[in-house]
Amino acid sequence: MKKIFLVAVLASGLAFGQAKKVVSSDVQWWGYKIAKSEASSHNGTVKVKSGNMVMKGNQLVGGSFVLDMTSINATDLSGEYQQKLNGHLKNGDFFEVEKYPTATFKITGVKKNNDKVYNSLVTGNLTVKGKTNAISFPAKITYANGTVNLMSNKFAIDRQKFDVAYKSTMQDVLVKDDMDLLVKVTAK
226 MKKIFLVAVL
236 ASGLAFGQAK
246 KVVSSDVQWW
256 GYKIAKSEAS
266 SHNGTVKVKS
276 GNMVMKGNQL
286 VGGSFVLDMT
296 SINATDLSGE
306 YQQKLNGHLK
316 NGDFFEVEKY
326 PTATFKITGV
336 KKNNDKVYNS
346 LVTGNLTVKG
356 KTNAISFPAK
366 ITYANGTVNL
376 MSNKFAIDRQ
386 KFDVAYKSTM
396 QDVLVKDDMD
406 LLVKVTAK
């Protein structure tokens with residue numbers, strides 16, 4: 226009976242893929258004022274709290290990531306200005322991290338992309354502040370020696386679709402709707 230159970234477990238693993246746990250990550254963000262330029266932007270990081278990537282053979286077929294929104298950090302500023310911006314990003318003006326401490330991304334599909342470097346197109350559902358929307362981004366995915374690496378090209382998401390709206394008298398006139406992300410994740 227134990228052998229039958231073991232064979233069933235192994236067969237299901239081959240059919241559904243093998244989950245690899247995220248061991249390192251680097252998620253960077255860029256937000257822009259009205260004129261989308263280096264001079265009118267802020268950038269920073271947010272940490273991946275947990276996650277996995279599911280491999281079937283040497284192909285990425287799924288996975289999910291939990292972002293620790295309480296870790297959002299502006300890296301283009303320092304001192305008092307950095308603290309002010311970090312507080313601003315974490316409060317009700319933007320991400321409301323006390324109410325929504327995490328965001329999630331669940332991969333729903335991976336297909337070939339015609340780019341020589343970012344040869345895959347990753348599609349999934351991003352949930353921020355309780356709002357879920359489908360997004361896609363180009364990525365370079367490699368798998369060797371039991372380790373999978375995913376590195377995206379810089380891509381844009383519309384923050385308004387996630388109710389990440391600047392709550393000021395000028396509302397969203399000051400801040401572009403699109404924010405850029407760059408994601409690097411390694412799983413073993």
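Residue numbering for the sequence shown follows my numbering, beginning at 226 and increasing consecutively.
All C-beta atoms in this analysis are idealised placements derived from N, C-alpha and C, irrespective of residue type, glycine included.
If you're wondering where the values come from, they're calculated on a predicted model, not measured in any experiment.
By the Cβ rule, the region 272 to 285 does not count as touching the region 305 to 313, because fewer than three pairs are nearer than 8 Å.
When C-beta atoms of the region 317 to 324 are compared with those of the region 334 to 345, fewer than three pairs fall below 8 Å, so the two segments do not count as touching. V408 places its beta carbon less than 7 Å from that of V252.
Three or more pairs of CB atoms, one per stretch, sit closer than 8 Å, so the region 383 to 391 contacts the region 352 to 366.
For the pair T300 and T270, the CB atoms are nearer than the 7 Å cut-off. Runs of the beta strand (DSSP E) lying entirely within the region 304 to 382 and spanning at least 3 residues, in chain order: 327 to 337, 345 to 353, 356 to 369 and 372 to 377. Cβ contact annotation for G371 (same chain, cutoff 7 Å, sequence separation greater than five): K413, in chain order. Taking Y257 as reference, the option from S250, Y391 and Y306 with the minimal CA-CA separation is Y391. Here DSSP, grouped into helix, strand and coil, assigns K386 to helix. Distances from the CA of V273 to each of N283, V291, S265 and L285 were compared; the closest alpha carbon is that of V291.
Contact between D293 and T327 holds: their C-beta atoms lie close to 6 Å from each other, under 8 Å. Cβ contact annotation for I297 (same chain, cutoff 6 Å, sequence separation greater than five): V271 and L314, in chain order.
In the DSSP assignment, L407 falls within the unbroken beta strand (DSSP E) covering D403 to A412. The beta carbons of S361 and K331 sit about 13 Å from each other, so the pair does not count as a contact at 8 Å. Scanning its chain for C-beta atoms nearer than 6 Å, with the 5 sequence neighbours on each side dropped, one finds around I366 the residues L285, S345 and L375, in chain order. Proximity to V335 across T329, N350 and Y325 peaks at N350, based on C-alpha coordinates.
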